[in-house]
Amino acid sequence: MQRAIITIKGRVQRVGYRDFVSEIADKMGITGSVQNLPDGKSVEIIAEAEKKVLEEFLKLLWAKGDSSIKVMKIDVEYQPPRRDYDFFEIIYDDFQKEGFERIGDAVVFLKKIHTVQVEMLGKQDQMLGKQDQMLGKQDIMIEKLDHTGKEIVSEIRDLRGDLKSYMDRRFMRIEDEISEIRMKIGMSH
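Numbering of the sequence shown is given in my numbering, commencing with residue 80 and proceeding in unit increments.
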């Protein structure tokens, strides 16, 4: 068993870091406490457990999966255990003051969420407008293709008529030429 006095520096106050630490400590069977330090940028943790457990605990304190928390530095001082904690606890300063701070933080957070939602709705409206434009252009293309298709069919009919007329004249001329040739060689019918 060992005691670790851990100082965490960074964006660790008013972001739920103490609750984060307490949850991990409870899961790992660590006893001790966590509290904000007066500088507004640090948290102190007193943790007692086996050395291997404390080493794993220190790795988790970096809170890599939480974007609101930004741990910049961790200092550790090991001491012999005192066994003066039965569980892990969060030490609050003035409960009323912290309560109002958390409410203020929640308001700021909710405003950020609202701003993001408004921005997303604006972008969604832009995308829908662009989709409407694309659908309008598709309708115009379909009309053009339909009109072009009708023109092509009409053109093919005209070409078939012209070709038929041309071929009919050619065949009549060939037949006339064959008849003349037969007459000249004495093969008239």
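Idealized CB from N, CA, C, for every residue including glycine.
Contact check, residue i vs residue j, beta carbons under 8 Å
i	j	result
I169	V113	yes
L133	Q210	no
G111	A126	yes
F136	I103	yes
A83	Y171	no
Coil, strand or helix - residue i by DSSP
i	result
V91	coil
D247	helix
I192	helix
Y157	strand
K263	helix
R181	helix
G119	coil
Which listed residue (the options) has its alpha carbon closest to that of residue i
i	options	result
R90	Y164, K130 and D145	D145
F166	F136, I84, D105 and V132	D105
D43	R82, N115 and A83	Here the chain covers residues 80 to 268 and nothing more, so residue 43 does not appear.
D118	F136, R93 and D184	R93
Y96	R249, I124, S258 and G111	I124
S101	T227, R248 and L140	L140
R162	H193, D154, A128 and Q175	A128
According to DSSP, residues forming a beta bridge with residue i
i	result
A128	Q81
T227	For T227, which the question treats as bridged, DSSP gives no partner whatsoever.
S112	I125 and E168
V150	G89
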